[in-house]
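Using our numbering, the first residue of the sequence shown is number 1, and each one after it goes up by one. Even for Gly, the Cβ is constructed at its ideal location relative to N, Cα and C. In what follows, a structure is listed as structure tokens, so that the remarks can point back to it.
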Amino acid sequence: MLRNFHHLDFADLPALVAAKEAAGLRISLCIPTLNEEGTIARVVSVLKAELFDRHRLLDEVVVIDSG
Numbered sequence: 001m002l003r004n005f006h007h008l009d010f011a012d013l014p015a016l017v018a019a020k021e022a023a024g025l026r027i028s029l030c031i032p033t034l035n036e037e038g039t040i041a042r043v044v045s046v047l048k049a050e051l052f053d054r055h056r057l058l059d060e061v062v063v064i065d066s067g
């Protein structure tokens with residue numbers, strides 16, 4: 001069964017946080033990289049500000065550098 005989603009289906013962050021909390025789930029984000037030491041700090045900083053601190057959607061971010 002193929003399921004398709006549009007990114008706007010996930011635009012309501014407060015609703016996503018409420019659904020996560022109601023289900024008792026934790027959300028982890030894994031970011032695979034290759035020698036991105038020059039840019040990854042900014043990416044993680046924005047993710048932390050928006051999805052950890054502001055909306056509390058993410059519980060964990062894992063950066064995997066295979067370089």
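Query: Per DSSP, cross-strand counterpart(s) of D65; Result: T33
Query: Distance between V43 and E50 (C-alpha atoms, nearest Å); Result: 11 Å
Query: CB contact flag (R56, V17, <8 Å); Result: yes
Query: Through-space distance from F5 to A23, alpha-carbon basis; Result: 21 Å
Query: S28 - partner residues in DSSP beta bridges; Result: E60
Query: Closest residue to G67 among L47, F52, F10 and T33 (Cα-Cα distance); Result: T33
Query: Close beta carbons around E60, own chain, < 6 Å, minus the five adjacent residues each side; Result: S28
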